[in-house]
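**Q**
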Amino acid sequence: MRFERLFAGHAPESDLREIERPNRFVETLAPLGWPDARVEAWLDWATPGQPDPESPLDGALERHAARLTKAGREAGLFASEADARAFAADLVDSMLAGYAAPAGPAPALPAPLHVSAIEFRAAAAEHVGRARADRLAREAAAKLEAALTAVSDAVLRCEGDARACSDPARNVALARAAQKARAAGASDASIADAVASAGAPGFSSAAAVAPAPIAPLLALAEPADVAAGDEFAALAARASWETGGVVLALSPADAEALAVGASARAAVNAAAFLGADGFDVASFRHAVRLWTVALELERPADRGVTLGLAGVGDWLLAQGLSPADDAGRDAAAALWAMTAGEALAASASVAQALGAAESYKAEADRIIVDLAKRAATAATLSGALAAEAAAALQAALAAVQAYGLRGTGVVAAFEDAETALRLGARPGLDANWSLVQASETSDGVAVPQLSGAGQAALQSIDVDLDAVRVHALGTGSLEEAPGIDHRALTAVGFTDHEIALAEAALRASGDLRAAFAPAVVGADFIGDVLGASRESLADPAFDTLALAGFTPDAIAEAQAHAVGSGRLSDSPALPAETRDLLRAFEAPVLADRIAFTAAVEAFACAPQPLALVAAFDARPADLLRLQASAARAGVRALKLSRAPAPADFALDLPEAPTEAPRARPPEAIVTERVVEKVVERQRERRKLPDRRKGYIQKAAVGGHKVYLHTGEYEDGEVGEIFIDMHKEGAAFRSLMNNFAIAISIGLQYGVPLDEFVDAYVFTKFEPAGPVTGNDSIKSATSILDYIFRELGVSYLGRDDLANGDPQEFNADGLGRGKADDVEDEAEEPAPLPASKFISKGFSRGATPDNLVFAAFGRRKDDAAKTGAPADQADICPACGDVALSRKGGLVVCESCNGQAERPSPRG
Numbered sequence: 019m020r021f022e023r024l025f026a027g028h029a030p031e032s033d034l035r036e037i038e039r040p041n042r043f044v045e046t047l048a049p050l051g052w053p054d055a056r057v058e059a060w061l062d063w064a065t066p067g068q069p070d071p072e073s074p075l076d077g078a079l080e081r082h083a084a085r086l087t088k089a090g091r092e093a094g095l096f097a098s099e100a101d102a103r104a105f106a107a108d109l110v111d112s113m114l115a116g117y118a119a120p121a122g123p124a125p126a127l128p129a130p131l132h133v134s135a136i137e138f139r140a141a142a143a144e145h146v147g148r149a150r151a152d153r154l155a156r157e158a159a160a161k162l163e164a165a166l167t168a169v170s171d172a173v174l175r176c177e178g179d180a181r182a183c184s185d186p187a188r189n190v191a192l193a194r195a196a197q198k199a200r201a202a203g204a205s206d207a208s209i210a211d212a213v214a215s216a217g218a219p220g221f222s223s224a225a226a227v228a229p230a231p232i233a234p235l236l237a238l239a240e241p242a243d244v245a246a247g248d249e250f251a252a253l254a255a256r257a258s259w260e261t262g263g264v265v266l267a268l269s270p271a272d273a274e275a276l277a278v279g280a281s282a283r284a285a286v287n288a289a290a291f292l293g294a295d296g297f298d299v300a301s302f303r304h305a306v307r308l309w310t311v312a313l314e315l316e317r318p319a320d321r322g323v324t325l326g327l328a329g330v331g332d333w334l335l336a337q338g339l340s341p342a343d344d345a346g347r348d349a350a351a352a353l354w355a356m357t358a359g360e361a362l363a364a365s366a367s368v369a370q371a372l373g374a375a376e377s378y379k380a381e382a383d384r385i386i387v388d389l390a391k392r393a394a395t396a397a398t399l400s401g402a403l404a405a406e407a408a409a410a411l412q413a414a415l416a417a418v419q420a421y422g423l424r425g426t427g428v429v430a431a432f433e434d435a436e437t438a439l440r441l442g443a444r445p446g447l448d449a450n451w452s453l454v455q456a457s458e459t460s461d462g463v464a465v466p467q468l469s470g471a472g473q474a475a476l477q478s479i480d481v482d483l484d485a486v487r488v489h490a491l492g493t494g495s496l497e498e499a500p501g502i503d504h505r506a507l508t509a510v511g512f513t514d515h516e517i518a519l520a521e522a523a524l525r526a527s528g529d530l531r532a533a534f535a536p537a538v539v540g541a542d543f544i545g546d547v548l549g550a551s552r553e554s555l556a557d558p559a560f561d562t563l564a565l566a567g568f569t570p571d572a573i574a575e576a577q578a579h580a581v582g583s584g585r586l587s588d589s590p591a592l593p594a595e596t597r598d599l600l601r602a603f604e605a606p607v608l609a610d611r612i613a614f615t616a617a618v619e620a621f622a623c624a625p626q627p628l629a630l631v632a633a634f635d636a637r638p639a640d641l642l643r644l645q646a647s648a649a650r651a652g653v654r655a656l657k658l659s660r661a662p663a664p665a666d667f668a669l670d671l672p673e674a675p676t677e678a679p680r681a682r683p684p685e686a687i688v689t690e691r692v693v694e695k696v697v698e699r700q701r702e703r704r705k706l707p708d709r710r711k712g713y714i715q716k717a718a719v720g721g722h723k724v725y726l727h728t729g730e731y732e733d734g735e736v737g738e739i740f741i742d743m744h745k746e747g748a749a750f751r752s753l754m755n756n757f758a759i760a761i762s763i764g765l766q767y768g769v770p771l772d773e774f775v776d777a778y779v780f781t782k783f784e785p786a787g788p789v790t791g792n793d794s795i796k797s798a799t800s801i802l803d804y805i806f807r808e809l810g811v812s813y814l815g816r817d818d819l820a821n822g823d824p825q826e827f828n829a830d831g832l833g834r835g836k837a838d839d840v841e842d843e844a845e846e847p848a849p850l851p852a853s854k855f856i857s858k859g860f861s862r863g864a865t866p867d868n869l870v871f872a873a874f875g876r877r878k879d880d881a882a883k884t885g886a887p888a889d890q891a892d893i894c895p896a897c898g899d900v901a902l903s904r905k906g907g908l909v910v911c912e913s914c915n916g917q918a919e920r921p922s923p924r925g
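For the sequence shown, this note's numbering gives the first residue as 19, with consecutive numbering after it.
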């Protein structure tokens, strides 16, 4: 077999690239202009071998070509060594130039079952049952997982004794979570396990709830029966509606081809052969012939191989052709017909050298008849390639009749994501063509860009490319955006830092609301500046921009300005006919997709199941009608499914009717009724006066100075406190200040001071120890213990909290108190000026300067001082006053000037 070297010099130059692999960074030579993702895809495909750092992609392409060339030499395929070297060199250059790329094998489907057979009904029932059970199991597992996680969280949130936190009888939150878990279907053993494992290292449950793969079901039906929608076709449509995993073939040959699969595949990029001079037919035919031979060298005896086309949508768009009209469909059909003719002729040439396959000999008559029909159909096509396609099929027919084939077929469409990455174009018939694709800058940043075909189509008309590009891709920034620009964001509190974070996330996600999510701009910022509560921030549907006051219309306008619409077909800068052309690629009509697939598949050796996705609310009858319309159009294989349910899907269910209570029989029933009336009043905050009194107490606890400020109501009740620490850290001082604010708010809302005193006295933490500067409290176990001892002594008369002994620092901080044998002072206390207790500034001079507080009354131990018992005090018999004085031998009452008898001494 002769090979001519045509692709010499077509491969681009290569440079050294650093590529991130799963576990390391590697350096390799790669063609200029390839993004990192494309290089990684080739490195993933490469077979193990000795790397060659001097060759692109570490020599992976050369190793692949050498392996195929060796197989050809051993089989005696090449006429000379020069042919073998030309084959290997062009194979490598075609991959580097982006003309073609190999693909992995296609999985084989199970043996086909006719929809009218009893076996199909049983297989369909089992298929639907497995899919339904898997779906329900995943839903139930997700609900149970959430319920049991709530049980563990209830234990973790509890503070206190671990055994009490794990006891539903003592942990109310745990009891509620356990009841919900039981209602969700969890067993008591599972609930107990969730309680026991709370806080322990766990494992991810993603693998447990991941959908298990369900084997597809290959069905066979007659086109006429499917077009008529008979009961068997309805059964297949119902199975597709349930699972979306039914492949329906409309001929036995196509069903057999789908069941066999392919051991090796490759795709040729048709758009890569378009240049300034038009479509390079000669190079395209050479690439098809080259890769057909490569696949035939890999074909095993019992499997097929597949050669497909990629970039067909770009090929049409660059020429201004639409897949929605006859001209575009004829052009694509002619391209596939020419591919089929050249590939079958190359397979016949291999059969000439190596012999025809046994599988071909068994079906030679059918293959020749089908090939003759395709040649006749190609003669009816119109367009620039119609004559080339008809001639290629006629030549293939003659070669096949003379030499046979190496297999039953080679040309078929397929879709493969990895091949699309390696080739830079999507293979397949209906490949969801997109005019906006990801590109990569020189520094490795992925950015959206118009496809090469889209730019070529726009350059052929007089249009403002910048305006179209901005409409589709946006400006990448919110600067001067309508509705929400930098100035509007700054006005509501956003800073340049948060705006930059949101714009970076916006360029990556394309969603303005997601770009301003709390996880991006910061939950603390949203709570402090915009006033969002913690509960609202925890809601997955929280909208930061809506909270900031921006309307949905303003958000949509700003998003369109920043990231564009992602579409070209709705650009107002384009003429109407251009928008219609682009719309056929971006949003093809279902009927156009079916017609395009039927036109192209007429020249393929095997079908690619046309994937048609109905809406989620579609009924089985809707899928049956869709299936019938595709069969009437001539589609050879189908795969129907429904779209998944929307994330916010919910049924509008009415409230369940409540049964009216049954009337009791008219009999006298005497019951005792206890009526309890509960009156609940709204607690309102009691404001302190603007000018308030109080005191300031300075003391030191364990050597740490603390200042206690109090504020009082008019009646002398304390209403606020302030705590200042000296020479402490900023964090500790701030905590004490905010703690004082919390206590003050509680006092103003009516919390009694004695509740705070009972709650905080005897708390023990550092600083603690002797107290200096306070005449009532001599030791404390903590700052809070000292503060609430002082408040209890000063405002509640809690003398039991005073008189601590600084030398005896017990756990309660009280000490021994005053000893009984301490002698009282010999002298009466002197009067004290009022300025010692009343603020001159607070009274504003209303208190006289000569006002003093005099000591009066008798202490409880005065009787002991005079040597007489308290119950023997002198009392005036006339007025009952105790203001008696001794004058000589008489006792005179100073109140009524009456005389009392001198009491006689008692023994």
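Glycine is no exception: its CB is placed at the ideal position from the N, C-alpha and C atoms.
By how many angstroms is the C-alpha of G470 removed from the C-alpha of L268?
**A** Their backbone Cα atoms lie some 37 Å apart in a straight line.
**Q** What are the complete alpha helix (DSSP H) segments, minimum 4 residues, inside the region 23 to 78?
**A** 54 to 63
**Q** May I ask you to report which of helix, strand or coil DSSP gives I479?
**A** coil
**Q** For A106, which residues in the same chain have their Cβ closer than 7 Å to its Cβ, ignoring the five residues on either side in sequence?
**A** A83, A84, T87
**Q** What are the uninterrupted segments assigned as alpha helix (DSSP H) that are 4 or more residues long and contained completely in the region 76 to 114, given in chain order?
**A** 78 to 93, 99 to 114
**Q** With 16 other CB atoms within 10 Å as the buried threshold, where does N792 fall?
**A** N792 comes out buried.
**Q** Taking only the alpha-carbon atoms, compute the straight-line gap between E516 and G545 and give it to the nearest angstrom.
**A** 14 Å
**Q** Measure from the alpha carbon of H520 to the alpha carbon of each residue in S495, V510, L308, then state which is nearest.
**A** Here the sequence assigns Ala to residue 520, which means His is not the residue at that position. Minimum Cα distance to A520 is reached at S495.
**Q** Tell me whether Q890 is buried or exposed, calling it buried when 16 or more other Cβ atoms sit within 10 Å of its Cβ.
**A** Residue placement at Q890 is flagged as unreliable, the pLDDT there being 43, under the threshold of 50; the coordinate-derived value follows with that caveat. Exposed, by the Cβ-count rule.
**Q** In terms of residue numbering, what span does the beta strand (DSSP E) encompassing Y731 cover?
**A** Premise fails: Y731 is in no beta strand (DSSP E) and is neither H nor E.
**Q** To the nearest angstrom, how far is it from the Cα of N828 to the Cα of R816?
**A** Since pLDDT at N828 reaches only 47, below the 50 mark, its modelled position is unreliable, and the value read off the structure follows with that caveat. Cα to Cα, the separation comes out at about 19 Å.
**Q** Among all the DSSP beta bridges, which residues are the ones paired with L236?
**A** V265
**Q** Kindly provide the ranges of any alpha helix (DSSP H) runs that are 4 or more residues long and lie completely inside the region 365 to 404, ordered along the chain.
**A** 376 to 380, 382 to 396
**Q** Using the Cα positions of A397 and S32, report the straight-line distance between them to the nearest angstrom.
**A** 44 Å
**Q** Report the residue from E497, L127, N189 whose alpha carbon sits nearest the alpha carbon of D514.
**A** E497
**Q** Between the Cα of A410 and the Cα atoms of E730, P788, A352, G540, which residue gives the shortest distance?
**A** Sorting E730, P788, A352, G540 by C-alpha distance to the C-alpha of A410 places A352 at the top.
**Q** Return the chain-ordered list of same chain residues with a C-beta closer than 6 Å to the C-beta of I573, the five sequence neighbours on each side being excluded.
**A** L530, L563
**Q** Under the rule that 16 or more other beta-carbon atoms within 10 Å means buried, what is Q68, buried or exposed?
**A** exposed
**Q** Would you report the Cα separation of P445 and A100, rounded to the nearest angstrom?
**A** P445 and A100: Cα-Cα distance of roughly 32 Å.
**Q** Taking only runs that begin and end inside the region 268 to 333, name each unbroken alpha helix (DSSP H) of 4 or more residues, in chain order.
**A** 270 to 278, 299 to 316
**Q** What do you reckon, are the CB atoms on L327 and G472 nearer than 8 Å?
**A** no
**Q** In angstroms, rounded to a whole number, what distance separates the CA positions of I761 and S184?
**A** 32 Å
**Q** How close, in whole Å, do the beta carbons of A257 and A142 come, if the pair is a contact with beta carbons under 8 Å?
**A** Their Cβ separation, rounded to whole angstroms, is 5 Å, which keeps A257 and A142 in contact under 8 Å.
**Q** Per DSSP, which residues does K723 bridge with? Please list them.
**A** A718
**Q** When DSSP labels each residue in this structure, what does M743 get in the three-state scheme?
**A** M743 falls in the strand class under three-state DSSP.
**Q** Tell me whether L496 sits in a helix, a strand or coil according to DSSP, three-state version.
**A** coil
**Q** Counting C-beta neighbours from all protein chains within 10 Å, is the total for P625 16 or more, i.e. buried, or is it exposed?
**A** buried
**Q** Could you spell out the range, first to last residue, of the beta strand (DSSP E) harbouring L669?
**A** No beta strand (DSSP E) holds L669; DSSP gives it neither H nor E.
**Q** Do P662 and F634 come within 8 Å of each other at the CB atom, strictly closer than that value?
**A** Cβ atoms of F634 and P662: closer than 8 Å.
**Q** Do W309 and A290 have their beta-carbon atoms positioned less than 8 Å apart in this structure?
**A** no
**Q** Considering just the uninterrupted stretch of the beta strand (DSSP E) at A632, what are its terminal residues?
**A** 628 to 632
**Q** Report the CB separation of L524 from A541 in whole angstroms; it is logged as a contact under 8 Å.
**A** Contact flag wrong, Cβ pair sits at about 19 Å.
**Q** Can you find the residues in the same chain that come closer than 7 Å, C-beta to C-beta, to F138, ignoring five residues on each side of it along the sequence?
**A** L131, H132, A237
**Q** Assign G875 to one of two classes, buried (16 or more other C-beta atoms within 10 Å of its C-beta) or exposed (fewer than that).
**A** Because G875 sits at a pLDDT of 46, beneath the cut-off of 50, its placement in the model cannot be relied upon, and the point is left open.
**Q** Determine the extent of the alpha helix (DSSP H) in which P570 is found, giving its start and end residues.
**A** Judged by DSSP secondary structure, P570 falls within the alpha helix (DSSP H) whose first and last residues are 570 to 581.
**Q** Do the region 478 to 494 and the region 576 to 591 make contact, defined as three or more Cβ pairs closer than 8 Å?
**A** The answer is yes - the region 576 to 591 touches the region 478 to 494, with three or more Cβ pairs under 8 Å.
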